[in-house]
Amino acid sequence: MTRLRQTPSQTVGPYFAYALTPEAYGYAAIAGNRPVTAETPGRHLVIEGRVLDGAGDPVEDALVEIWQADARGRYADAPGGGSADFVGFARCGTDAEGRFRFETVKPGRVPGPDGRLMAPHIHVCLTARGLLNHLFTRIYFEDEAEANAADPILSLVPESRRGTLIARRAHRHGALVYRFDIHLQGERETVFFEV
Amino acid sequence: MRSRIPFRPRDPASHPPMIHPDYRSTVLRGPTRPLVPVPQTLGDLTVPVYGHEAIGELDHDLTRNAARNGEPIGERIVVAGRVLDEEGRPVRRTLVEIWQANAAGRYVHRRDQHHAPLDPNFHGAGRCLTDEEGWYRFVTVRPGPYPWRNHANAWRPSHIHFSLFGPAFVTRLVTQMYFPGDPLLAHDPIFQAVPAAARERLVARFDLELTRPEFATGYRFDIVLRGPAETPVEAGR
C-alpha cells in the first residue's frame with residue numbers, strides 16, 4: 011500500500027493567542043503555564059527566558075510548549091493517567107519582550123534509547139510567526155553536570171553548542187529559578203532537533 | 006500506556022524550508038544551522054491526553070460558541086475531515102484546535118489593526134476531539150482575506166489555522182487550511198513556501214456530502230500526521 015503524504019506545516023502566525031492561550035480573552039485554555047499544582051510532589055521551580063531573533067530582538071509572538079515527566083520520571087500520557095496534580099504539558103505565549111515563564115517541578119530521570127537513564131530534561135516545542143515549521147529542543151539543568159555529561163542525547167550535540175540546552179540556575183526571593191533563552195539564530199543559536 | 010513505536014521522520018518534500026525570503030519574517034527567525042538528528046525517546050513518543058471533559062459542548066461550533074445577541078455574519082460552512090497517519094489509519098481522540106479571522110477578514114486578536122469590523126457574535130476559535138474514525142467537524146463562517154505588510158499590497162488568502170498533537174509529541178502539526186480556487190493563493194508567500202507538489206494538500210475541497218441543506222456548505226480537509234516507523238502490530242500481540 012502506498013503511504014499517504016504528510017500534511018505540510020505552516021506558521022502559527024501572529025494571532026494564535028485568543029485560541030491557544032485564551033485566558034486573557036475570557037476563554038478557558040486547554041493548558042496554562044503551570045503543568046503542576048502547589049501540591050505536586052517534587053522540587054518546585056520556575057523556568058523563564060526569552061525568545062530572540064537573529065538581530066537579538068525579542069520574538070513577541072512565539073508559543074512555547076513544554077512536555078515533561080513528573081518527579082518520579084513518569085509521563086502523564088495514558089488516558090486517566092497523570093493526576094489532577096500533574097498534567098506535564100504547559101503553554102506560554104511570549105510577551106512584548108519575548109519573555110515566557112513556566113512554574114513546574116523538576117522532572118525525574120527517564121530511560122533513554124539504550125535503557126540507561128537520561129539526565130532530567132524538559133521537551134520544548136516552539137512555534138511563532140516566521141517559523142514555517144515548529145522547532146523541537148530540550149531544557150537540561152545546570153546543576154546536573156554529571157548526568158548531563160552522560161546523557162545520550164546531549165552527547166550527540168557538538169560540545170561547543172551543548173550550552174544552548176542548559177538552563178542556568180538562579181535563586182530569586184527564595185524561589186528556584188532557571189533561565190533558558192532561546193536564540194533562533196546567531197552565534198548562540200539554540201540547538202534544535204530533527205527527531 | 007500508549008504506543009511506544011517510533012515515528013517516521015518529517016518528510017522534507019512535504020514541508021516548507023526554515024527560511025523562505027519571500028515570507029519576510031522567516032529571514033531573522035528561521036534557524037540557520039542544520040537540525041541535530043537524535044533518536045526518539047520516551048518524551049517524544051508520549052503526548053498530553055485530553056478527554057471530553059476538556060472540551061465544551063459548543064467548542065466545535067464557532068457560529069455559537071461566542072454568540073451574544075445573534076449569529077455571526079458571513080457564509081456559514083462546515084469544515085470536517087479525518088486525521089490519519091501515513092499508513093491511512095485514523096488518529097483517534099486527538100485534540101484539534103482551530104482559529105481564524107471573521108468574515109470581514111478581522112481577527113479578534115488585540116494586535117490586529119486591520120480596519121475591518123469585529124463581529125460581536127464571533128470569536129473565531131474552536132476545538133474538538135477526533136472520533137474513533139479520526140473524524141473532526143467544525144461549524145464556522147468562511148473567513149475573509151486580510152491585508153498584511155509582508156510586501157506591497159499583500160493579502161493573505163482566506164484560511165483557517167489548525168493545531169494538532171496526534172499520538173506523540175513528535176507528531177505535532179501546526180498548519181493552515183485554504184479554500185479551493187482562491188486567487189490569492191498564487192500570491193501568498195506562506196502558501197508558496199510549501200514544495201509545489203505538496204501545496205494542494207493544504208487546500209480543502211468542496212464536499213456536497215458535508216453540505217447541510219438549507220444550512221451550510223461543506224469543506225473536506227483531511228490531515229496526515231507522521232506515521233509509525235515500523236509496520237504496526239495490533240494490540241494484544
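Order-wise, the sequence lines are chains A and B.
Under my numbering, the letters of the first sequence match residues 11 to 205, in that order.
Under my numbering, the letters of the second sequence match residues 6 to 242, in that order.
Every residue gets a Cβ at the ideal spot worked out from N, C-alpha and C, and that includes glycine.
None of the values given here were measured: they were computed from a predicted structure.
(request) Give a yes or no on whether the minimum CB-CB distance between Tyr25/A and chain B is below 8 Å. (result) yes
(request) With 9 Å as the C-beta to C-beta threshold (strictly closer), list the residues of the segment 134-147 of chain A near chain B in chain order. (result) Cys135, Thr137, Ala138, Arg139, Gly140, Leu141, Leu142, Asn143, His144, Leu145, Phe146
(request) Would you give the residue range spanned by the beta strand (DSSP E) that Ala180/A belongs to? (result) 176-182
(message) Can you tell me where the alpha helix (DSSP H) holding Ile195/B begins and where it ends?
(response) 194-197
(request) Put Arg132/B into one of helix, strand or coil per three-state DSSP. (result) strand
(message) Below 8 Å on the Cβ atoms is my contact criterion, and I expect Leu100/A with Arg44/A to pass it. Report the Cβ-Cβ distance as a whole number of Å.
(response) For the sequence presented, residue 100/A should be read as Ala rather than Leu. At roughly 6 Å, the Cβ-Cβ gap stays under 8 Å, so Ala100/A and Arg44/A are in contact.
(request) Pull up the distance between the alpha-carbon of Arg53/A and that of Pro11/B, whole angstroms please. (result) 31 Å
(message) Using beta carbons (cut-off 8 Å, strictly below), is Glu199/A in contact with chain B?
(response) yes
(request) Please go through the same chain and pick out, in chain order, the residues whose beta-carbon is closer than 7 Å to the beta-carbon of Asp193/B, but skip the five residues on each side of it. (result) Arg161, Pro162
(message) Beta-carbon within less than 8 Å of Glu70/A's beta-carbon, same chain only, minus the 5 sequence neighbours each way: which residues are those?
(response) Thr104, Asp105, Ala106, Glu107, Gly108
(request) Return the residues of the segment 172-195 of chain B that lie within a Cβ-Cβ distance of less than 7 Å from chain A, sorted by chain order. (result) Phe174, Val175, Arg177, Leu178, Val179, Thr180, Gln181, Ile195
(request) State buried or exposed for Ala48/A, treating a residue as buried only when at least 16 other CB atoms are found within 10 Å of its CB. (result) exposed
(request) List the DSSP bridge partners of His120/B. (result) Paired residue(s): none; His120/B is not in a bridge.
(request) Using a Cβ cut-off of 7 Å, pull out every chain B residue sitting near Arg126/A, in sequence order please. (result) Per Cβ cutoff of 7 Å: no residues; Arg126/A is ~11 Å from chain B at best.
(request) Look at the Cβ atom of Thr46/B, then the Cβ atom of Ile163/A, and state whether they are nearer than 8 Å. (result) yes
(message) Is the beta carbon of Val43/B closer than 8 Å to that of Leu230/B?
(response) no
(request) Assuming Ile132/A and Ile40/A form a contact by the criterion Cβ under 8 Å, report the distance between their Cβ atoms to the nearest whole angstrom. (result) Actually they are not in contact, since the Cβ atoms of Ile132/A and Ile40/A sit about 18 Å apart, beyond 8 Å.
(request) Taking 8 Å as the threshold, find out whether the segment 202-214 of chain B comes into contact with the segment 178-192 of chain A through three or more Cβ pairs. (result) no
(request) State the beta-bridge partners of Met182/B as determined by DSSP. (result) Ile165/B
(request) Keeping to the same chain, check which residues put their C-beta closer than 7 Å to that of Ala185/A; ignore five residues upstream and five downstream. (result) Val56
(request) Starting from the beta carbon of Pro53/B, find every residue of chain A whose beta carbon is closer than 8 Å, and list them in chain order. (result) Ala41, Trp77, Ala86, Asp87, Val97, Gly98, Phe99
(request) Determine the direct distance from the alpha carbon of Gly223/B to that of Ala18/B, and round the result to whole angstroms. (result) 29 Å
(request) Note down, in chain order, each residue of its chain lying with its Cβ closer than 6 Å to the Cβ of Asp63/A, except the 5 sequence neighbours on either side. (result) Val69, Leu194
(message) Could you compute how far the alpha carbon of Leu14/A sits from the alpha carbon of Asp90/B?
(response) 7 Å
(request) Note down, in chain order, each residue of its chain lying with its Cβ closer than 6 Å to the Cβ of Ile176/A, except the 5 sequence neighbours on either side. (result) Tyr150, Glu152
(message) Residues of chain B with CB closer than 7 Å to the CB of Ser19/A, please, in chain order.
(response) His20, Pro21, Leu178, Val179, Thr180
(request) Rank Ala180/A, Tyr25/A, Pro18/A, Thr12/A by C-alpha distance to the C-alpha of Met119/B and give the top, closest one. (result) First, the residue type needs correcting, since residue 119/B is His and not Met in the sequence shown. Answer by Cα proximity: Tyr25/A.
(request) Could you tell me the distance, in whole angstroms, from the CA atom of Glu199/A to the CA atom of Glu156/A? (result) 24 Å
(request) Leaving out five residues on either side along the sequence, give the residues of the same chain with a beta carbon under 8 Å from the beta carbon of Glu62/B. (result) none
(request) Excluding the 5 residues preceding and the 5 following Pro150/B in the sequence, name in chain order all residues of the same chain whose CB lies nearer than 7 Å to its CB. (result) Gly110, Trp160, Arg161, Pro162, Ser163, Leu189
(request) Can you say whether Met6/B is buried or exposed, counting buried as having 16 or more other CB atoms within 10 angstroms of its CB? (result) Reliability of the predicted coordinates at Met6/B is poor, the pLDDT of 41 falling under 50, and the value obtained from them is presented with this limitation in mind. That one is exposed.
(request) Mind listing, in chain order, the continuous alpha helix (DSSP H) runs of no fewer than 4 residues lying wholly within the segment 9-53 of chain B? (result) 47-50
(message) Against chain B, does Glu154/A count as a neighbour if the rule is that its beta carbon must be under 8 Å from one of theirs?
(response) no
(message) Output needed for His166/B: all residues of its chain with C-beta closer than 7 Å, excluding positions within five of it in sequence on either side, in chain order.
(response) Ile103, Trp104, Gln105, Gln181
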